[in-house]
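Novice:
Residue numbers (the numbering used here): 814 to 1005.
(1) What separation, rounded to the nearest whole angstrom, lies between the Cα atoms of residue 879 and residue 980?
(2) Out of curiosity, what's the CA-to-CA distance linking residue 988 and residue 953?
(3) Using only the alpha-carbon positions, how far apart do residue 995 and residue 848 sit?
(4) Where residue 831 and residue 841 are concerned, what is the direct C-alpha to C-alpha distance, given to the nearest angstrom?
(5) Candidates 913, 858 and 896: which alpha carbon is nearest residue 949's?
(6) Mapping DSSP to helix, strand and coil, what is residue 854?
(7) Assuming residue 864 and residue 827 are in contact, meaning their beta carbons sit under 8 Å apart, how far apart are those beta carbons, in whole angstroms?
(8) Please name the residue in 957, 877 and 985 whose C-alpha comes closest to that of residue 887.
(9) If we call anything under 8 Å between Cβ atoms a contact, is residue 951 one with residue 891?
(10) Starting from residue 968, follow the alpha helix (DSSP H) in both directions and report where the run begins and ends.
(11) Would you kindly report the start and end of the unbroken alpha helix (DSSP H) that includes residue 1000?
(12) Using only the alpha-carbon positions, how far apart do residue 884 and residue 975 sit?
(13) Considering only the alpha carbon of each residue, which of 1001, 978, 965 and 894 lies closest to residue 837?
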């Protein structure tokens, strides 16, 4: 199979799975990140930037539908730590070139898989909600989204611990991801 066909197959599947993730299907964002990295197997760093337009299209649709239901106070508590994670993630992208990013993406996929397992484990139980937990989630979500578009499971875990009604959950997720993805446009552009 010609290389360009594998690019379109893996890239197309990544877009489909990211679409599933945007509808709330757990775990599919992790698969989308891995598939996009495979689509750009000769330069994994490009896979991170190529996913951003796909994410933004989904984010715009979600924000239009759910922005009225956003929990602004929860986002306000989360964003200082998210900013730190974004800065760390940008630093990693700035230092690491091309396929040197593959191990970082692999680590992110593993961490997101663990977060998904934790989400399932604690779905019916209590998870800590204090400042340390919120800060840790924020840094991990910021780093995960900047370095590999892989913050979905962490944010899902965090927002489930907040016991939000469905619409508030969706609105808060939509505004969070739209905001961080818009923020990422400039650093990704600077990195080429």
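We put the CB at the ideal spot given by N, CA and C, even for glycine. The structure displayed is predicted, hence computed values, not measured ones.
Specialist: The relevant details are as follows:
(1) Along the chain shown, read from residue 1 onward, the residue named residue 879 stands at position 66. Along the chain shown, read from residue 1 onward, the residue named residue 980 stands at position 167. Straight-line Cα distance between these residues: approximately 7 Å.
(2) For this step, residue 988 is matched to residue 175 along the chain shown. For this step, residue 953 is matched to residue 140 along the chain shown. In a straight line, the C-alpha of residue 988 is about 18 Å away from that of residue 953.
(3) The residue given as residue 995 occupies position 182 in the chain shown. The residue given as residue 848 occupies position 35 in the chain shown. Rounded to the nearest angstrom, the two C-alpha atoms are 23 Å apart.
(4) Counting from one through the chain shown, the residue named residue 831 turns up at place 18. Counting from one through the chain shown, the residue named residue 841 turns up at place 28. Cα to Cα, the separation comes out at about 6 Å.
(5) Counting from 1 along the chain shown, the entry for residue 949 is found at position 136. Cα-wise, what sits closest to residue 949 is 896.
(6) By one-based count along the chain shown, residue 854 stands at place 41. Three-state result, residue 854: coil.
(7) The residue labelled residue 864 in the question sits at position 51 within the chain shown. The residue labelled residue 827 in the question sits at position 14 within the chain shown. That belief holds up - the Cβ atoms of residue 864 and residue 827 are roughly 7 Å apart, short of 8 Å.
(8) Within the chain shown, numbered from 1, the residue matching residue 887 stands at position 74. If we check each option's Cα against that of residue 887, 985 comes out closest.
(9) Translated into the one-based positions of the chain shown, residue 951 becomes position 138. Translated into the one-based positions of the chain shown, residue 891 becomes position 78. It is a contact, given that the beta carbons lie within the stated cut-off.
(10) Translated into positions along the chain shown, residue 968 becomes position 155. Taken as a continuous stretch (DSSP letters only), the alpha helix (DSSP H) holding residue 968 covers 965-974.
(11) What you label residue 1000 is simply residue 187 of the chain shown in a count that begins at 1. It spans 979-1004 - the alpha helix (DSSP H) in which residue 1000 sits, taken as one unbroken run.
(12) As a position in the chain shown, residue 884 is number 71, starting the count at 1. As a position in the chain shown, residue 975 is number 162, starting the count at 1. If I take the Cα positions, the gap works out to 10 Å.
(13) Here residue 837 corresponds to residue number 24 of the chain shown, with the count starting at 1. The candidate whose alpha carbon is nearest that of residue 837 is 965.
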